[in-house]
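Remarks on the structure that follows.
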Amino acid sequence: MLQKKRIFKIVVYLTFFSGLFMTVLLAILFADIPFGRLDEYLEAQEDRFITASGPTLERDSIILKEHLTSYLLFSDSNIDLRSWYQERLEKKELAPFSEEKGGSVLLVGEDIALKPPYKNNCDKLYCFQKRIKFDYIPALFWKGLMGIEDYRFLDHIGVDFKSILRAIVKDLYEMRLAQGASTLTQQLVRNLFLSNEKSFVRKIKEVFFSIYIDWRFSKEQILEAYFNEAYWGVQQGILLRGIYAASVFYFGRPPQYISSYEVAILISMLKGPNYYDPKSEKGFVRLQERAKVVFKRLEQMHLFPSEEGGIWSEKEWNSWGKKIVANDDRRPLSALWQITSAEYEHLNSFEAYVFVDAAKVTLRRALERIKKEATHDISVKAIVGKVAREDVSGGEKIENERPFIYYSKEERDKFLAIFQEPHQVGSTLKPVVYDVFLQHGKKFSDLVSMGEITLKLKSGSWSPREAHEAEMPEVTLKEALLNSYNRPVITLAQEIGFENVQKILINYVPSLSLPLAEFPAQLLGAVELSVGDVFKMYSKFVSEKCIERGEVFSEAEGEEESVLKILSDPTLSTTRRVVDGPMRDMRFFGKTGTSNNGNDNWYIFFDGKNLGVIWVGVDGAKSSEDLKLFGSSTAFSIFQQFSTNRGKRFEEMACQ
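All letters in the sequence shown, in the order written, are residues 564 to 1219 by my numbering.
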């Protein structure tokens, strides 16, 4: 009897401590698994947009079809592009305008309201994800994947013990790891919560968590999460997560509109997106071979009508491969990724996309131009917003909506780069300086010498130089400003008196080094300001000269022209060689600026509504060699592409 009691106690103790041990073990195993985030991944997803309302393409504006197509893919996951365009052409809401390199140009015949872009579901840098509901995932995808990867998916409990046993037997028979046994649920767990390390602890976590998910959620929810969270490689510099991103980046269509063979290609890539990367020569060949095998398997499963289409020809494969490589270079969709992760008010989402795309195109061309100096870090910074106004009655600044702020380096602090990092301003200061001359009695019709001038400074003798020598001994102030000459600025400042110039100029550039007479090169742009400082300077200048006084379009006989009006014709200023298309007939204030060796390149613009500052240049250590970059070929190029293709009518400039 005592023996039985002793055995009973031992059993009780063993049971208790075994249970305690298992409890502690499970607690340790699952301590780092975020159970609370399951609903985010596995519950039905509602569409989220970056703004409450979408943009409107204005009647009589022009757009690039490439821009519109890309935008639609990021704002309407159910869109049939072919039908959408056909309907708009029939209604004459869109019409062909012309064919240009980079895409066909469309004329907007009637106002077209677009949806806002989807909010990016991926919170990682350079990653895009748009979760879609199970109903919008074509059955060919999930039925095909189940048939190839996990044919007992509907029957097992998250872990297929029969498959595990079969895999163990085969591995033992062949004396190697010949067959895996992971279910789709286990693959989902690895994608969401676990690392790829091969350890016993990770495998135990995977098994238990897969069983929990299978108990907690329906099979449809698990499949939905699988296709929304799967990794599909990197295209156009963007990490693709989910079936929607993969379908759009690889085939330019939502998943419900791609062909059965394209489905086979995407399913094939899931086995190893980097291994089957079509951008690499070896990956492309591997993908071809695997896609043929997968497609034949889908055919055998009778998942689509036989008349729907067959295996791609070599010509079709080559055409698609070239397009993938070209898009990876051009990166038309990466700009859309950027606006789905940003917050802004002044520009609508379509305008923001066109601006970012223009910046990326210009940046790529600039890098190609200086590829021999590839060590230089070229970037783009910009602000586009409204002019800050002063309340005349109370003297207080009227608050405006947040401006559009752009910095090409998403990995860095955008506001630090825009508002705290200074750059040489080049000739962008000259319009303000010439206005100071006008306030001291000078007129644009006055003549000024182009001859050499030497100033005796405490630091030594200094002579301003010209980028291009002029043949004329004298020019008018108007010609000097339009051509951005240097010597006339110093000559006029000396005539008026450097002290008189600095009294007014200090109101626009508080950081000016004084006395100005000892630092005259500042008048030519040898002063460093952040992009935000330049925007603030011109906001004050335009507010005073245009909005408060309305100087720009004064047509009274004998009245002197203003600085803003003089620089409102792009065919007469420093942009005359690069302005083209409709922009040649438009009128807007604009001024380029370039520092020594092309390290800093600027364009300032005001069209009556938008004030913008665009900088393209070298971040970090400056180049000691001439990069042959200019404000007219870089920053102005961004403005020209943006203004031409943003879906807004370009009206004559007026102070508003």
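Note that CB positions come from ideal geometry on N, CA and C, so glycine has one too.
- Under the three-state reduction of DSSP, S781 is assigned to coil, being neither helix nor strand.
- Approximately 5 Å separates the beta-carbon atoms of Y681 and K693; this is inside 8 Å, confirming the contact.
- For the set E914, N1162, L1086, E1091, the Cα lying nearest the Cα of S1206 is the one of E914.
- The beta carbon of G1088 sits closer than 8 Å to those of Q987, V988, G989, S990, T991, L992, K993, G1156, S1158, all from its chain and outside the five residues before and after it, given in chain order.
- Taken through DSSP and simplified to helix, strand or coil, H630 comes out as helix.
- Secondary-structure assignment with DSSP links P659 through a beta bridge to L669.
- In the structure shown, the three-state DSSP call for Y794 is strand.
- The DSSP assignment places complete beta strand (DSSP E) segments of no fewer than 3 residues inside the segment 795 to 835 at 801 to 804, in order along the chain.
- The closest CA to that of D698, considering only N791, I902, K1191, is found on N791.
- For P1036, the number of other beta carbons within 10 angstroms of its own is below 16, and it is reported as exposed.
- Residue pairing for S1024: DSSP places it in a beta bridge opposite K1019.
- Just so you know, the alpha carbons of K655 and E673 end up roughly 7 Å apart.
- DSSP, read as helix, strand or coil, puts Y916 in helix.
- Residue nearest to V1052 within the set S1012, W1025, I887 is S1012 (criterion: CA-CA distance).
- Distance from D940 to V1181 at the Cβ level is roughly 6 Å; contact confirmed, criterion being Cβ atoms closer than 8 Å.
- The beta carbon of L829 lies closer than 6 Å to those of A809 in the same chain, with the five residues before and after it left out.
- Looking only at R893, A951, I613, K1099, the smallest Cα-Cα distance to R928 is reached by R893.
- Per the coordinates, the alpha-carbon of R1050 lies some 9 Å from the alpha-carbon of S1026.
- In this structure, L1192 lies near I933, with their beta-carbon atoms less than 9 Å apart.
- Apart from sequence neighbours up to five positions away, the residues of its chain that approach Q901 with a beta-carbon distance below 6 Å are V919, ordered along the chain.
- DSSP places L747 in no beta strand (DSSP E) but in the uninterrupted alpha helix (DSSP H) bounded by 747 to 755.
- In the DSSP annotation of this structure, the continuous segment of the alpha helix (DSSP H) that includes K993 starts and ends at 993 to 1002.
- In the DSSP assignment, K944 falls within the unbroken beta strand (DSSP E) covering 940 to 948.
- Membership of N1164 in the beta strand (DSSP E) is indicated by the continuous run 1163 to 1169.
- Residue pairing by DSSP places A676 opposite T619 in a beta bridge.
- Assignment of Q1085 by DSSP, reduced to helix, strand and coil, places it in the helix class.
- According to the DSSP secondary-structure assignment, W1178 is paired through a beta bridge with K944, W1165.
- Assigned with DSSP and collapsed to three states, V1011 falls in strand.
- With the rule of 3 Cβ pairs closer than 8 Å, the segment 763 to 782 does not count as touching the segment 800 to 819.
- When secondary structure is reduced to three states using DSSP, E1037 falls in the strand class.
- The beta carbon of S942 is closer than 6 Å to those of S971, K972, D1182 in its chain, skipping five residues each way along the sequence.
- The alpha-carbon separation between D1170 and G1210 amounts to approximately 15 Å.
- Annotation for K1191: no alpha helix (DSSP H) segment contains it, and DSSP assigns it neither H nor E.
- Apart from sequence neighbours up to five positions away, the residues of its chain that approach V857 with a beta-carbon distance below 7 Å are I711, A827, I830, S831, ordered along the chain.
- Residue state for L1092 is assigned as strand, using DSSP reduced to three classes.
- DSSP places F1205 inside the alpha helix (DSSP H), whose first and last residues are 1198 to 1208.
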